[in-house]
Structure formats: structure tokens, C-alpha cells
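> Just so we're aligned, residue 25 is where the sequence shown starts under the working numbering, counting upward by one. The beta carbon of each residue, even a glycine, is placed where N, CA and C say it ideally should be. The model shown is predicted, which means the values in this text are computed figures rather than measured ones. Okay, handing you the structure first.
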Amino acid sequence: ELHAIRAPNGVPLAMNEPRPRQDDLRSIEHPGLSPAPDLEWLLPRLLATVRCVSDELRPQARLAATLGLDHSLERDYGLDSLARVELIARVDRDLGVALGEAALTEAETPRDLLRFITRTGGRAADTAGPVEPRSTQQPPVADTAPESYPPDAVQTLVAVFEWHLQRHPDRVLITLYENGDQPVDLSYADLHRDALALAAGLRALGLDRGDKVAIMLPTGREFFAAFFGALVAGAVPVPLYPPARPSQLEDHLKRITGIMRNAQARVLVTVERAKPLAHLLRAQVETLQTVGTVADLSLADSPAAPAELAASDIAFLQYTSGSTGDPKGVILTHANLLANLRAMWRASKVSSTDTFVSWLPLYHDMGLIGAWLGSFTVGFRLVVMSPLAFLGRPRRWLEAISHHGGTLSAGPNFAYELCMNRIDDAAMVGLDLSRWRLAFNGAEAVSPDTVTRFGQRFAACGLSPTAMTPVYGLAEASVGLLFPPLGRGPRIDTIERDTFEQERRAVPSQQTTALRFVACGRVLPGHRIRIVDGAGQPLPERVEGRLEFCGPSATAGYWHAPDLTARLFSDDQGEWLDTGDRAYLAEGEVFVTGRVKDIVIRGGRNLYPQEIEQAVGEVKGVRTGCVAVFGLRDTGSGTERLVVLAEVSPREARDTAALHEAVSRAVVAAIGEPADDILLVPPHTVLKTSSGKVRRAACRSLVEQGGLNTPKTSVRAQWLRLALGALGLRLHHGLQRCLSGWFGVRAFVLFWLMVPAAWLVTVLLPTQPLAWRFCHRAARLLLRLAGATPTVHGLEHLPADARFVLVSNHASYLDGLLLVAALDRPVAFVAKRELERQWVAGRFLKRLGAAFVERFDPRRSVADAQHMADVVQSGQALMVFPEGTFVAAPGLLPFRLGGFLAAATAKVPVVPVTLGGTRQLLGDGRWWPRPAVLSVHFGAPLTVAPELETFSAAVQLRDRARRVIARRLASTET
């Protein structure tokens, strides 16, 4: 019968859950009670029911299948008091037992539920009969199966750290080439000591949970200590790239200033030599309080205990490599990262026996998440060197793979090209690449020629023809999204050029002028992709369109960038995210064709820059990887001009005419027609991201603004300009602090002058409508006089009928004041029952028609949910804060079911409300107000299909409302 029972994920429980051990069974039996149920039958059935309810509550997570007897029903399975009522009902129904109210209020784990079943002698209705108690003398069966990586029940990076420390603290995690060619081994215990010391230093600075710590460090031991030290302290790391060359000082400072200001970083961890540059940032980033090295900030004598983190907490902000004037800080939670890492290692079948060799920058998602966090989580060894070590001598990368027996490695397409161009046949002697089974090629367009030639060239070193593995990912999906089947090798699709460029249909062809694209594989487990047209409608196979995705790795949006976040999501429900890439599907695999914004449309043809850039880069005298192709609008012809911007070597620049002709011939050979403009420029003119990708849009702006011939500014002049700018900003910030202080004084005085009088008038008014109308006007007047008038959007979404439930995020004691000011009609606030007994707050809330509910007693919670349903059915709108409380850290706490269950029971819509600015105005732990931009946004009403049962409808409403609020909140909250 164990084989007949299936878990929520469809896997037979006999395979998904270990057979109950004797000690597990004895621990839930009670001597003297008879008859005892068949516990070996009961255990998997009970777990299947608990997991099923949990997965209904968290359909995207699907973590319950890995949870067991001793996991908390509330903390791990995510069952609040109302969900526990549903669970008890399901257990009674599925197992044929009657647990009673005691199980509802006292059971904290599934093991507790089993004890209640045995205590009452209950058993499943369809069992064959009582089973004889098992002998207590039989020794327990040892669980000898080794765990190669943390189970899915481990839900944060800090918890992963603890999991490894408990099992193998001395296992070598990192082999680091930091200085020269002598590696240093670092174990989990070494990293743990470094992280605890830095965490203690950060806490000594007064950092709160959720505060941002910028990390501008090169590859080295200090980076690992800083990243995990920030996590252990409960802060959020923000990796930044260090400056490349002195001549780029000013441009570099502008870019990271924008990032740090957007992230609101409080601490910058950097190297000693960067301190003068970093201190200039303090004048431009108002929140920045401390700049120091890891050694400056660490307190080794007083290590900090790890912070309590949740899977939904932000793990770090990943700023995309092209972030400039509008920084795009991708919000990645612990749940996002671990879901992505688990999906990738399952798709690639990696284990703790693998070795990953990497030179990838640690501030970029491929190096940070794919290599470093992947090795840290799974437990395989990471051999890591500086990007400069690889760029200076590419053979170092392959030497490290050969020496350490590397099985995994990754790099952008240009890295494989660099190896072919810079490693001659003599240098290949002695390289052993036979154990390299996965050579991931991603982060930029994958060239068909590169994947073919690299495999052929290094086959002499033992490289398997199936090792080259083109993949696709993006920071918005954590890092990985598409992986090809293992053991197949690259798949290249050859298609008709004219049909594709004019009709966007990928028709197979063997013509010499055909286009070629490399397959990036299938979507990772647990994720979905689709190809859509301009109207968002799915397209059939072999038709090119926009590539969209969704899944547990998907970000909630960009930090403090509401407009960018809104453009990221392609549907109203916030499920599908737009990658910004074009692609087509063929036989279940995705072929990425290019960036939407980079495609040049000339004369009705879609021209793809990557193909032209590769052809021009092969021209002798043109610097490889330093070509940008883009379109410029031609108002005369009504189409785009094709522009080629190419860097040339100084010695080749003497014969400009010949070089110009060679580039023109290369363009014609690639696409069948010439370029409109060919611009040959000196080295370091073509703009690139920190990860080496060409910034085509920035190059286009450079040409449009006539910046190609702008003389280079000296380093001394840049320092002088930066210093003068910093002085002006310090004066500006001083003025802002004075204005902020005046705002606090004014708001504080107004509050205590107006609120007591408003309270008295409210409790004396005879009816709720009169009391509400008065409070609405008083709240608006108070906020206006204090200089914090809110902007209100979406009031037209409120149904004309008062039968609806409002649900809102909760960030401050002033949330109620803001809602009263925004709503011109009465609603009944749902408040915790403790307030009902308070003389001041209780009388005020009762006059406004508040409904009081119990937070802790599940039995009372059920009655309260029914009471709320009765209230809204009677024609009174409800206002609920489903988080139940608020904290200082930004983000959303888990939503409780009460208000949604009331809406589902009453069959009324739920209106999601997003409050902005109240946490900044008066956050948790503060009593002095600060200036803030306040906003209230009422979303469109949410309804569910009438045929859904009440509990399922409530869960669906909760999840949809949370998505809507999180999507808007993640990019606007401070």
C-alpha cells in the first residue's frame, strides 16, 4: 500500500519518503493504549495530507515534499491557524480519525498529530484491523545514506551554511589563486570564522536586518568573508565591480554612485587603496555611514550569532552589468536562489564529487551564483582565480582544469574564443581536459562557430565532444533558465535567412547564406517559458517572438524602480516576466536570436548585430570583441541606418581606407548588403559592461551625441572635479538634514495638538458614518499641514457596492491614518482583539466600526473568520492587514488567511492596497517622523472561480493579492 500512496508531486511515497524507522514508530506510540493504529501505514498517509495542504498554500514553492515529522506546521509547512483547521479536517477525512480540538491548538508538528491519533486509539477506516505493537527491543535501522547536498527543507543560505558546518566543517570548499600560482585552501570552518567576525563588526555599527552592505572587492578571501558576513548579520549584500583603470575613474564613480544611492547602502566594504575613491561616495550617497576594509570592520573576539532569516527575505541585490543612469537592482530572495541552484544541479546532475574551476567575476551573476553559491550549496570544490589572471594568460584557466581534474567550468562565448586565439599548439601540450564534462557557455550570445571549433581544437587534449554546453539565463531568473540535455553536445539550427528576417519563421535550410543559431536547451525543472507576439499571444514552434518565463527563481522586480518593474512583467497578474530577448522553439528547445532592443530593422529586414559583429571582428586589424553594431533612425528614408563601430589596432590604423574596405566586405559577406556607416575608432572607445558585453545602446548614444572625438580627461582633472562635486553635495546634505529636523518638529507638534481633540470628537459622534467622515477630513488636514500629503491612485477600482475586502501591506503605526485619509467611505478595520480592551484605542476603533479578531487561538480564529464574512455580507467593507504586524525591514511578511477566507465565504472581491512611504515616515522602533513621499494605490478587484471550494478560493486570493502588492512594493518601498 505504500507504493499506492502518492505525494503532492506525484512521486510514490515509498520512494519520496524513507520507510518509517523503528525508533520513529516507537517515539509516537504510547504504552498501555490499545488498539494501536498501523503506524507504518499511517505515517506516509498523514505526511501526504499535510504536504498536500501545504502545497495548496504555497503552490510555487513545492517544498513540502521534503519536509517530515519534526518540521513545524507553521514555520516550515506554512500553515497558520486557519490553515491548520483545514488540515485537521483533511486528516479526519483522509485517515478516518477524529482528532478533536486539542490537536488543533496543541499540535506543532506532524509527529504531534500522530501522538494525538495514538492517544485516542484512532485508525484509518479502511485498514484491515489492529496491528500488534512492535517489539521495543529491536534496534533502530541506521540511516547510512550520505547526504551529498542540503535537502529542500533548508531554505536560506545561512541555513545551508549551518547544514554543511554540522556535517563536514573541514571539507575544502575553495581553492583560491589569490597571489601568483600558489593556491590556498579554505574550508567551511575557515569561511565561517571570517563571516562571524565581520558580522560582529557590522552589528557593532548598528546595522538593522535588511540594511544594505555594498561590497567592492576583487576576487579573494575578503570577498567571501564580506558576502557571508553581511548575510550572517542579517544585512543584504550588494556586490559592486572595482574600478578597472585610472582613466575610467569618473565614469566608474558615476555608475556605482547611482547603484549605491538606489540600494541605500549603509556600509561599503572595499580594499585599502580604494578608500580615497570610496570616501567621495559618502558625499553623494546620503545613507552611506561607514567605508572600510574587511580587516577594519571585523571583530574576531566577539563573533555574532547568525540572524534569523526566512526564505522570503532578500538574499542580495544583483545589479545588472549595464546599470547606469537607471540602476536595475534585481531583488533575489533566498527562495529564488536556492530554487534556481537546485533546478540547475538537478538538470546537470552535479554532486559534491565535482570540481568547478572559475575565473568569472564574483560581482556578476554567473560567477557569484552559478560558480560560487553553487559550489557552496552543493558542496563541491571551487577552484577560483582572478578574471585578470585569465585575461592576462588564458592558458591558466585550462591549466587549472587540467591540474585539479575540473569537471565543471563556465564562461561567456568570448572566453572560448580567447583560448583558441591565444593558446597555440605548443601550449596545448600537457593539458588534460578529459574530466571536463560540462563547459557552460552563456552570459552573451553563443556563436555556432565557437562551440564547433573549440570542441574540435581541444579534442586533442581529451575534451569530450559533448562537453560544450550552451546555456541561457538572466539575473531576473537568478541566473539559469535553459539547460540542454546532458551528453548530447551543441545543437545548431540552420534556417532560411530571407524567410526569417522578413516573416520571422525559422524554416530549416542548407543554403550557404543560411542563418545559424545554437540551442540553449529546455527550461529548468519547476519553471515555464513561452514565446509570444507583440500582443502577448503564444506563438507556435519555429516562429520567432519574445521569450517570457515564470517560476520560483523569478525576481519580484527591481529595487526602487517601479517603472522598470512594471515593464518587466508582461501580464496583469505579475506571473510572466519579459526577458527582453527574442527566440523561437523547435522540438522543445529554445533558440535565442537576439536582444529585442538591439535588433536593427532596415528596409523591413530584421538584422542581428551579433552575426555582423563576429564577421567584422575576424577582419585583420580589428580588435576582437571590440565591435558594436546598432541602428540609427534615418528621418529621410523612414528606416534605420546600419552603423558599425569598430576598434582598430594603432599600427593598422595607418591604412584606414584598406581597413574600411575590408570591414565593408565582411558586412556584405555576412548579411548580403553593406553597412550605411563604418566608424573606425581607437582602442577603448567601444563601451562595455563590467562583464565585458558590448553596450550597444550606450555606443549609439555616444555617436548621436558626437562623443567619439571628445578628448580624454586627465586623472588629476577627474579627481578635482569629483572633489568639488563632493563638497557641493555635502553642503546640500547639510541643508537637507536641517529641513528634515524641521519636518519632524512640525509633524510631532501637530500630531499631539490635533489627535487628542480628534479622538474626543470621534467617540462623541453618534454614528459610524459621521465618525468616519470626520476622521477622514481630520487625517487629510493633519497630513497636509505636516507636509506629507499622500498621492492616491485607483479609487475608481473600489466596487460601488460596499461588499468587498481591502487587504494592505503593513509597515508603520501610521498605516491606519493614511488609509483613513485616502478612503472617503467607511470601512471596518480588522484589529487584534487585545486592542478591544484598551480604553483609548478600543473606544476609538469601536466608534469607527472595527472588527476585532483573535491572533493566537485557532478555535477562535475560525469563529472570527465567519464573523468577518458576516460583516462583509451585511454590506460593510472590511480593511485587513494580512501580515498581522510590521517590522523595520522592508518587504512583506507571510500573509494570513483570515481576511481571504472571509472574502471567499462571502463570495466578494478582494481589493489589494499598496501603501508607500509609511515605513520611512515612521518605521518600527522610531518615534521621530522623517520626510517621506506617501502613496496609496488601490488595485483592481480580485475574484475567483465560483466553483472552487472555500479554502482553495481563499488560498488563491491570498497568493494573487500578495503578488500584486509585492510587485508594486518591491520597487517602491524604502
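1. Got a sec, what are the start and stop residues for the beta strand (DSSP E) Arg290 sits in?
2. Which runs of the beta strand (DSSP E) at least 3 residues long sit entirely within the region 560-626? Give them in chain order.
3. Do Thr311 and Arg290 have their C-beta atoms closer together than 8 Å?
4. Is it true that the CB of Val937 sits closer than 8 Å to the CB of Phe962?
5. Does DSSP put Gln534 in a helix, in a strand, or in coil?
6. Does any C-beta atom of chain B lie closer than 8 Å to the C-beta of Ser372?
7. In angstroms with no decimal places, state the Cα-to-Cα distance between Gly556 and Gly618.
8. Is it buried or exposed, Thr603, if we count other Cβ atoms within 10 angstroms and call 16 or more buried?
9. Near Asp94, what residues of its chain come up, given a Cβ to Cβ distance below 7 Å and the 5 sequence neighbours on each side ignored?
10. Taking only three categories from DSSP, how would you classify Asp209?
11. Determine, using beta-carbon pairs with one atom in the region 894-909 and one in the region 854-864, whether at least three such pairs fall under 8 Å.
12. Please classify Arg446: is it buried, with 16 or more other beta-carbons within 10 angstroms of its beta-carbon, or exposed?
13. Can you give me the Cβ contacts of Leu487 inside the same chain, cut-off strictly under 7 Å, excluding the 5 residues immediately before and after it?
14. For Ala681, which of helix, strand or coil comes out of DSSP?
15. Using the Cα positions of Asp976 and Lys278, report the straight-line distance between them to the nearest angstrom.
16. Mapping DSSP to helix, strand and coil, what is Arg871?
17. If contacts are defined as beta-carbon pairs under 8 Å, then Val182 and Pro351 qualify, I think. What distance do you get, rounded to the angstrom?
18. Using three-state DSSP, classify Arg554 as helix, strand or coil.
19. So, does the region 946-966 touch the region 235-251, judging by three or more C-beta pairs under 8 Å?
20. Can you tell me whether Ala607 is buried or exposed? The criterion is at least 16 other CB atoms within 10 Å of its CB, across all chains shown.
21. Are there three or more Cβ pairs, one per stretch, closer than 8 Å when the region 175-189 is compared with the region 225-239?
22. For a quick check, are the C-beta atoms of Trp600 and Glu572 less than 8 Å apart?
23. Would you mind giving the Cβ-Cβ distance between Ala131 and Leu97, rounded to the nearest angstrom? I have them listed as a contact below 8 Å.
24. Assuming contact is defined by CB atoms lying nearer than 8 Å, are Pro850 and Gly873 in contact in what I supplied?
25. Which parts of the region 429-492 are runs of the alpha helix (DSSP H), unbroken and 4 residues or longer, counting only runs that do not cross its ends?
26. Taking just the CA atoms, how far does Leu406 sit from Ile198?
27. Run the CB neighbour count on Lys236, radius 10 Å, all protein chains shown included, and call it buried at 16 or more, exposed below.
28. Does the distance from the CB of Arg770 to the CB of Gly818 come in under 8 Å?
29. Spell out the partners DSSP gives Gly923 in its beta bridges.
30. Assign Leu37 to one of three DSSP states: helix, strand, or coil.
31. For Leu748, does the count of other Cβ atoms within 10 angstroms reach 16, so buried, or fall short, so exposed?
32. Below 8 Å, can you find three or more Cβ-Cβ pairs linking the region 378-395 to the region 434-450?
33. From Arg45 to Thr357, what distance separates their C-alpha atoms?
34. List the endpoints of the continuous alpha helix (DSSP H) containing Gln944.
35. If we require 4 or more residues per run, which alpha helix (DSSP H) segments fall completely within the region 742-811?
36. What span of residues does the beta strand (DSSP E) with Glu315 cover, start to end?
Quick look at the numbers:
1. Looking at the DSSP string, the run of the beta strand (DSSP E) that includes Arg290 is 289-294.
2. Whole beta strand (DSSP E) segments, 3+ residues: 569-574, 601-610, 613-619, 624-626.
3. The answer is yes: Cβ separation under 8 Å.
4. In contact: Phe962 and Val937 (Cβ atoms closer than 8 Å).
5. If DSSP states are grouped into helix, strand and coil, Gln534 belongs with coil.
6. No chain B appears in this structure, which consists of one protein chain only.
7. Before going further, note that residue 556 is Val rather than Gly in the sequence given. Gly618 has its alpha-carbon roughly 15 Å from the corresponding atom of Val556.
8. Under this definition Thr603 is a buried residue.
9. If we look at Asp94 and ignore the five residues flanking it on each side, its Cβ neighbours are Thr133, Arg135.
10. The DSSP-derived three-state label of Asp209 is strand.
11. Short answer: they touch.
12. It counts as exposed.
13. If we look at Leu487 and ignore the five residues flanking it on each side, its Cβ neighbours are Leu457, Trp460, Gly479.
14. Correct three-state label for Ala681: helix.
15. Before going further, note that residue 976 is Ser rather than Asp in the sequence given. One C-alpha to the other measures close to 50 Å.
16. Three-state DSSP puts Arg871 in a helix.
17. In this structure Val182 does not touch Pro351 by the C-beta definition: roughly 26 Å separates them, more than the 8 Å allowed.
18. In this structure, Arg554 counts as strand in the three-state DSSP scheme.
19. Verdict: no, contact absent.
20. Residue burial is scored here from C-beta neighbours: Ala607 has at least 16 other C-beta atoms within 10 angstroms and is therefore classed as buried.
21. With contact defined as three or more Cβ pairs closer than 8 Å, the region 175-189 and the region 225-239 are not in contact.
22. Yes, the Cβ-Cβ distance between Trp600 and Glu572 is below 8 Å.
23. For Ala131 against Leu97, the beta-carbon gap comes to about 7 Å, under 8 Å, which counts as contact.
24. When the beta-carbon positions are compared, Pro850 and Gly873 come within less than 8 Å of each other.
25. For the region 429-492, whole alpha helix (DSSP H) runs of length 4 or above, ordered along the chain, are 437-446, 472-481.
26. Rounded to the nearest whole angstrom, the CA to CA distance from Ile198 to Leu406 is 5 Å.
27. Counting of Cβ neighbours within 10 angstroms places Lys236 among the buried residues, the total reaching 16 or more.
28. Cβ atoms of Arg770 and Gly818: not closer than 8 Å.
29. In the DSSP assignment, Gly923 is bridged to no other residue.
30. With a pLDDT of 34 at Leu37, under the threshold of 50, the modelled position of that residue is not reliable, and no figure is offered here.
31. Exposed is the call here.
32. A contact between stretches requires three or more CB pairs, one per stretch, nearer than 8 Å, and the region 378-395 meets this requirement with the region 434-450.
33. Low confidence applies to Arg45: its pLDDT is 44, below 50, so where it sits in the model is not reliable, and the reading given next is rough at best. Each residue's alpha carbon lies about 35 Å from the other.
34. For Gln944, the uninterrupted alpha helix (DSSP H) run begins and ends at 942-945, by DSSP.
35. Listed in chain order, they are 792-810.
36. In the sequence as displayed, the identity of residue 315 is Val instead of Glu. Per DSSP, Val315 belongs to the beta strand (DSSP E) from 314-316.
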